[in-house]
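Numbering (my numbering), first residue to last: 534 to 590.
The beta-carbon is built from N, C-alpha and C at its ideal position, and this holds for glycine as well.
This structure is a prediction, so every number in the text was calculated from the model and none was measured.
Accompanying notes for the structure given below.
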Amino acid sequence: MSIRVVTDSTCDLPEPTVREHGITVIPLFINLDDRGYLDGLELSREEFYRRLPDSNP
Numbered sequence: 534m535s536i537r538v539v540t541d542s543t544c545d546l547p548e549p550t551v552r553e554h555g556i557t558v559i560p561l562f563i564n565l566d567d568r569g570y571l572d573g574l575e576l577s578r579e580e581f582y583r584r585l586p587d588s589n590p
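What follows is the structure, given as structure tokens:
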């Protein structure tokens with residue numbers, strides 16, 4: 534039996550740590566300004582925080 538560590542993208546682990554430990558990161562879906570994005574794939578953390586103050590709740 535093998536064991537794998539799986540987490541969602543809110544863990545904000547550094548990419549080197551994810552690779553080193555073979556962690557599977559499942560991206561969450563983010564709604565921002567009436568559009569959906571896959572966290573970390575279609576919208577970076579930096580872009581999310583840059584756009585957040587001007588977004589619609």
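If you draw a straight line from the alpha carbon of ASP567 to that of ASP587, how long is it in whole angstroms? 13 Å
Collapsed DSSP secondary structure at VAL551 in the structure displayed: helix
Does DSSP classify ARG537 as helix, strand or coil? coil
Under the three-state DSSP convention, the category ASP566 falls into: coil
Contacts around ASP572, its chain only, beta-carbon distance under 6 Å, and the 5 residues preceding and following it disregarded: So the qualifying residues of the chain are SER542, PRO560, LEU561, ILE563.
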